[in-house]
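**Student:** Structure below; questions to follow.
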């Protein structure tokens, strides 16, 4: 197959600001004249895809898709360049879809095969990152849950202590208001015969024997 397609590594080499500005100016000039040639549009789109700026890459892919729809003779290369654009943006699903379309027509295309390997590597890497993020989220969730349980337990213990203290103080208040006055009443109005006088402290016989 033809080897005029660039390898994916070439998409990582961005144009300088001045180089991209030349392509932009030519495109804008032809656009203002209502007649943009396919090659001018294609060159500008490829320059945008090579840019490290995501907004440029998105615009580049959009222009390449316009060419793909309107110019059947350029569809082969557009499939590859669109796949490259999606790959640079990290959209591996769409990158694989467009690249697979090219591989269906050209299964021995070395550039498409190389890009396919890069896409699969990106999907795998993204999966590892996703698993790491999920694991981190689970660990963080566990720590948060443990903190909530500790706070809830602490609050429960504090609530129990407060409840016990309240019951104790209530009982003490009850004793003070009702039990102590009753005891004082019993002491105050107890029968005289029940009280002990000083003579009870000595046996009568002993006293009698000491009388002269």
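In the numbering used here, the protein residues as written are 258 to 469. All C-beta atoms in this analysis are idealised placements derived from N, C-alpha and C, irrespective of residue type, glycine included.
Applying the criterion that 16 or more other CB atoms from any shown protein chain within 10 Å of the CB defines a buried residue, is residue 267 buried or exposed?
**Tutor:** exposed
**Student:** Pull up the distance between the alpha-carbon of residue 338 and that of residue 345, whole angstroms please.
**Tutor:** 11 Å
**Student:** Determine the direct distance from the alpha carbon of residue 400 to that of residue 295, and round the result to whole angstroms.
**Tutor:** 58 Å
**Student:** Buried or exposed, going by whether 16 or more other CB atoms sit within 10 Å of the CB of residue 278?
**Tutor:** Exposed, since its Cβ has fewer than 16 Cβ neighbours within 10 Å.
**Student:** Taking residue 370 as the reference, give the member of 352, 287, 290 with the closest Cα.
**Tutor:** 352
**Student:** For residue 341, which option in 360, 429, 376, 331 has the closest C-alpha, if you only look at C-alpha atoms?
**Tutor:** 376
**Student:** Is residue 291 helix, strand or coil when you go by DSSP?
**Tutor:** coil
**Student:** In three-state terms, what does DSSP make of residue 271?
**Tutor:** coil
**Student:** Under 8 Å, with one C-beta from each stretch per pair, do the region 291-308 and the region 269-277 reach the 3-pair mark?
**Tutor:** Contact between the region 291-308 and the region 269-277 is present, because at least three Cβ pairs lie under 8 Å.
**Student:** Could you pull the start and end residues of the alpha helix (DSSP H) that residue 341 belongs to?
**Tutor:** 332-346
**Student:** What separation, rounded to the nearest whole angstrom, lies between the Cα atoms of residue 425 and residue 406?
**Tutor:** 28 Å
**Student:** Buried or exposed: where does residue 284 fall if 16 or more other Cβ atoms within 10 Å of its Cβ makes it buried?
**Tutor:** Residue 284 is buried by the Cβ-count criterion.
**Student:** Are the CB atoms of residue 343 and residue 318 within a distance shorter than 9 Å?
**Tutor:** Yes, the pair counts as a contact, with Cβ atoms nearer than the cut-off.
**Student:** Using only the alpha-carbon positions, how far apart do residue 298 and residue 320 sit?
**Tutor:** In this structure, the CA atom of residue 298 is about 7 Å from the CA atom of residue 320.
**Student:** With DSSP as the reference, label residue 310 as helix, strand or coil.
**Tutor:** coil
**Student:** Straight-line CA distance for residue 378 to residue 303?
**Tutor:** 23 Å
**Student:** CB-CB under 6 Å to residue 374, same chain, minus the five flanking residues each way: which ones, in chain order?
**Tutor:** If we look at residue 374 and ignore the five residues flanking it on each side, it has no Cβ neighbours.
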